[in-house]
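J.: I'd like to ask some things about the structure below.
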Amino acid sequence: MPSLQDIRENITDLDQSMLEILSKRRLLSIEVARSKLKNPKAVRDQQREQELLLRLIAQGRELGLDAHYVTQLYHTIIEDSVLSQQAYLQGLSNPQDPEVSLKVAFLGTKGSYSNIATHRYFSRYQKQIVEIGCSGFQETVDTVEAGLAEYALLPIENTSSGSINEVYDVLQQTTLSIVGEITINIDHAVLVKAGTQLSELHTLYAHPQPYQQCSRYLRTLSGIKVEFVDSSSTAMQKVRNSKDAGVGALGSQTGGEMYQLDSLANGIANQQQNQTRFIIVGRKPVEVAEQVPARTTFILSTAQKAGSLVEALQVLREHNINMSKLESRPVQGNPWEEMFYVDVSANVNSAPMQSALAALSRLTRYIKVLGCYPSENVDPTQVPFDALVQVQENEHSLIHEPSESYSLSSRQHKPENSVVRVGQVEFGKGHFVSIAGPAAVESKEQLEACARHIKESGAAILHSSCFHNSHSPYGFQGMGNEGLSLLKHFGQKYHLPTATEVQFLEQVQNLGSQVDILHVRGEQMQNFNLLKELGLSTRPVILERSQMASIEEWLYAADYILAQGNQQVILCESGIRTFEGQGKATLDLGAVALLKERTHLPVIINPIEAIDDLTQLPALCKAAKAIGADGVLLLSHPRPTEAKIQPSKSLDFDAFSQLLSGLYK
C-alpha cells in the first residue's frame, strides 16, 4: 500500500498535469478564434457546447463524477475560453503599442474591490499593471484625462445596493469612452486584527457602498460606531495601523489577507448573490470585433412632454435592439431635467444600431454614445431538463429506454426506499419523525422556549419561517436574517436540526448555509427555476404538494430537484382543494399510501391547512402514521393566542406534549 507521502506526490503530479492540459486548451481556443477570421463566426457555438456537455456528463458518470461537478468545471473552462478569444480578437481590432505595462487608475489602493477587479480584467491581456490608487471617482477619471493613466476602472452597479449614482454623474461630464466591463462576486467580511472578538468591536470603518450592501447584518450589531472612509482599502489600512484592538473594517477576505487581518464574519451582504459590475474607461473608443457580443452605452435627454421617452424607446424595439438597462440622473445645472443612461446589446457599428441612433437624434434633445465594448457576460451552457434526465436514466442499468413513468422519483428507477439523513434523524427508515416549531420566528424568547420544549417532548427537527409574505403590506413579514440567525443558534444549542421555508431563487444559498432542511411550500411547487437551484444545493428539501396538483405533477416537480443532483427530497402532503369550500383543504391520505408504492422518496404530512380546529390533529396524525407516512409537521407556540401567524392552528406546550405522547405510545 502506498504511503501518504506517495499519495500526495501523485496528487501533485496530477494537478500539474491538469494545469498543463488547461494551458494547452486555452491555446487551442485561440487557434479557434484565428480560424474564424477569414469567415467571421460568433465566438460561441452554444449548440455544440450543449452537445459536448451532455457527452461529458455521461462520461463523467461512468468515472464516478456527478453531473453538477462536471457541469461546474465545464462552465469555468468555457468562460475562460470565450473571454480569451474575445481578448485575442479585440487585440487584433485595436492594435496598441507594445508597452511592457499599463497604468490603470482605480478607487482605493491595494486590496480594494476595484483593485481586485483591475487585476482580474487586465490579466486577460497578459500585461503588467502599474497601479494608481485614487481617493474618489472624479479623481480616477481625471487621472486618465490628464494622461497619467491609460485606463480607469469604475464600479457602476451592484446587485444589492443598485446603481452607483456618483459614477453616472461623472460619466455625464467626461470625454472618456467605455471600453470594457467586468463583473465580480463581492463577499463582504468584518475584518479585525488577529485575536479580536466580535464582542470587543466598538468602531467599524467602511466605504458607504459596502455598508449599504450589508445594512441588514450591520443593524444586528449593537454598540458599534461606523466611520465612513473613501475606500475599503483605506478602512483596512486604518485597522492595520491602529493600536486599538477594538476597531474593524468592512472589506473582502482577500483584501484582509493582504493587510494581515482576520475575518470575523463572511457572506454578510443583504443578498447572497452579491455582485458588482465595473466599467473600464479610456481616452479612445475601441472597435468591437464582429464575432464578439457587444454592448453599447449611450445617454440621451428627451423633450419635456408626455410620451417623449416612450417614443425614444420605441425606436429600439422597431430595430429589434434589446435594452438591458435604463437609468436616469438629474442633468447637472438644469433642475428637474433628467438624463437617461441606456445599455443595449448591440455593436455600435452594426446597421440596426446606426439606424437607431440616427432616428434617436431626430427625437431627442441630446444624445451621446459613451462607448461600445465587448459584453463580459458568458451565460452558462444550459442543458435541457429532458436531456439531462435522459442522460441520468441511461446511466442506470435498471432503465433500458426513456419513459415518462421511469422518472427519477419512481420505484422503477430505485426500488428500495431512499433514506434522507439530517444529522442523526432519518426519513424513510421506518421511523415516524416529528417536525415542529412556531409558524414564524417572532422573538428570541419565543423561539428558545419552543426549541427547548419540542426537544423535551420528543420532536426531532425545529421548523420555523423567517421570511413571511403576509397578505397585507402592514402584516408581520418575519424577522428575516435576524430570525434566521436565531433559528440556527437554538438549533445548535438544543442539538436539533433546523428547517425553514424557501420562497425565492436568491434565498437558496443563504438559507442553505444557515439551516439543515429547506422547505418548499405548495404555492412554489412548480417554480421550476427555484426547484433547479435547490437541486444544486446540498441541503435536503421538503417539497410540499400544491392544493391543485396531481400526484404526477408533484412527482415531476421532485424530478426537477433530483435531476440536478440533489437526491435528498422529502415529499409533504398538505391537502388538496375539494368541494369542501371556504378555502379549506382536504388531507389526501390516500395519496400517501399510493406514493409509498410509486416512489422511493420519504413522504410526510402537514395537516395544518386541512383542519378546522386542533381536536382533529391527533386522528389525522395517527392515520398518517398507520398508513406508512414518514413524519408530520406541526405548529407549537408558548402562547398560541398571541402568535402572529396561524394562532388557531398552533398547539400550546401541553397539547403538543400530549399529541406526541399519543403518537409514540
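Mapping to the UniProt record's numbering: the sequence shown position 389 is 389, numbers consecutive.
For every residue, glycine included, the Cβ atom is placed at its ideal position computed from N, Cα and C.
No experiment lies behind these values; they were computed from the predicted model shown.
What are the complete alpha helix (DSSP H) segments, minimum 4 residues, inside the stretch 192-274?
T.: The stretch 192-274 contains these whole alpha helix (DSSP H) runs: 208-213, 215-219, 232-241, 253-258.
J.: Put Y151 into one of helix, strand or coil per three-state DSSP.
T.: Looking at Y151 - three-state DSSP - the assignment turns out to be strand.
J.: With a CB to CB cut of under 7 Å and the five nearest residues on each side skipped, what residues in its chain are close to H319?
T.: Closer than 7 Å at Cβ, skipping near neighbours: P352, S355, A356.
J.: Leaving aside the five residues before and after N322 along the sequence, list all residues of the same chain whose C-beta is less than 7 Å from its C-beta, in chain order.
T.: Cβ within range, chain order: V344, S345.
J.: Please confirm whether H600 and N347 have their CB atoms less than 7 Å apart.
T.: Against a cut-off of 7 Å, the Cβ pair of N347 and H600 comes out as no contact.
J.: At the level of alpha carbons, what is the spacing between S405 and K596?
T.: Confidence at S405 is low in this model, with a pLDDT of 47, below 50, so its placement is unreliable and no value can be given for it.
J.: Could you give the residue range of the beta strand (DSSP E) that holds K110?
T.: Unbroken run through K110: none, as it is neither H nor E.
J.: Under 7 Å, do V425 and P497 count as touching if we go by C-beta distance?
T.: Yes.
J.: With a threshold of 16 other CB atoms inside 10 Å of the CB of Q213, please say whether the residue is buried or exposed.
T.: Burial call: buried.
J.: When we look at the beta-carbon of A303 and count the other beta-carbons within 10 Å, is it buried (16 or more) or exposed?
T.: When all chains shown are included, A303 counts as exposed.
J.: CA-CA distance, L635 and F278?
T.: Roughly 47 Å between the two C-alpha positions.
J.: Compare the Cα-Cα distances from D262 to each of N270, R219, M236, Y217 and report the closest residue.
T.: Comparing Cα positions, the closest option is M236.
J.: Does the beta-carbon distance from P602 to V420 come in below 7 Å?
T.: Yes, the pair counts as a contact, with Cβ atoms nearer than the cut-off.
J.: Just how far apart, CA to CA, sit V331 and R124?
T.: Straight-line Cα distance between these residues: approximately 36 Å.
J.: Does DSSP put M339 in a helix, in a strand, or in coil?
T.: Reduced to three states, the DSSP call for M339 is strand.
J.: Between D386 and M525, what straight-line distance do the alpha-carbon atoms span, to the nearest angstrom?
T.: Any reading at D386 needs caution, since the residue's pLDDT is 37, under 50, leaving its predicted position unreliable; the model's value is listed next. Roughly 18 Å separates the two Cα atoms.
J.: Which same chain residues end up closer than 6 Å to T297 when comparing Cβ atoms and leaving out the 5 residues on each side of it in sequence?
T.: The answer, listed in chain order, is I178, D343, L370, G371.
J.: Who are the Cβ neighbours of I184 in its own chain at under 8 Å, not counting the five residues just before and after it?
T.: Here the set comprises Y113, I116, A117, R120, Q275, T276, F278.
J.: Could you have a look at E597 and say whether DSSP puts it in helix, strand or coil?
T.: Reduced to three states, the DSSP call for E597 is helix.
J.: On a Cα-Cα basis, can you pick out the residue from S574, L408, E456, L309 that is closest to A629?
T.: When only C-alpha atoms are compared, the closest one is S574.
J.: CB-CB under 6 Å to G180, same chain, minus the five flanking residues each way: which ones, in chain order?
T.: Cβ neighbours of G180 beyond the five flanking positions: I280, Y373.
J.: State buried or exposed for A152, treating a residue as buried only when at least 16 other CB atoms are found within 10 Å of its CB.
T.: Per the 10 Å Cβ criterion, buried.
J.: If you draw a straight line from the alpha carbon of G662 to that of V592, how long is it in whole angstroms?
T.: Cα to Cα, G662 sits roughly 21 Å from V592.
J.: From L326 to G133, what does the alpha carbon distance come to, in whole angstroms?
T.: Cα-Cα distance, rounded: 30 Å.
J.: I want to know whether the stretch 513-522 touches the stretch 469-488 - three or more CB-CB distances under 8 Å.
T.: Contact holds: three or more Cβ-Cβ distances are below 8 Å.
J.: State the Cα-Cα distance for the pair G248 and Y259, rounded to the nearest angstrom.
T.: If I take the Cα positions, the gap works out to 12 Å.
J.: What does a CB cutoff of less than 8 Å around V315 pick up in its chain, not counting 5 residues either side in sequence?
T.: Taken in chain order, the residues that qualify are A356, A359, L360, L363.
J.: Judging by CA-CA distance, which residue of S550, T538, D559 is the nearest neighbour of F528?
T.: Closest by alpha carbon: D559.
J.: Does the stretch 81-91 come within contact of the stretch 100-111, defined as at least 3 CB pairs closer than 8 Å?
T.: Taking 8 Å as the limit for Cβ pairs, the verdict is that the stretch 100-111 does not touch the stretch 81-91.
J.: Could you name the residues of the same chain whose beta carbon sits closer than 8 Å to that of L309, not counting the 5 residues immediately before and after it, in chain order?
T.: Excluding positions up to five away in sequence, the list reads T302, F340.
J.: Three-state secondary structure (DSSP) at F298?
T.: Strand at F298.
J.: For E31, does the three-state DSSP call read helix, strand or coil?
T.: In this structure, E31 counts as helix in the three-state DSSP scheme.
J.: Can you tell me whether L218 is buried or exposed? The criterion is at least 16 other CB atoms within 10 Å of its CB, across all chains shown.
T.: Classification of L218: buried, given that the 10 Å Cβ count is 16 or more.
J.: What are the residues that DSSP puts in a beta bridge with Q128?
T.: Q128 is bridged to S101.
J.: With distances taken Cα to Cα, identify the nearest neighbour of R48 among L28, L27, I78.
T.: Comparing Cα positions, the closest option is I78.
J.: Is D6 buried or exposed, if buried means 16 or more other CB atoms sit within 10 Å of its CB?
T.: When all chains shown are included, D6 counts as exposed.
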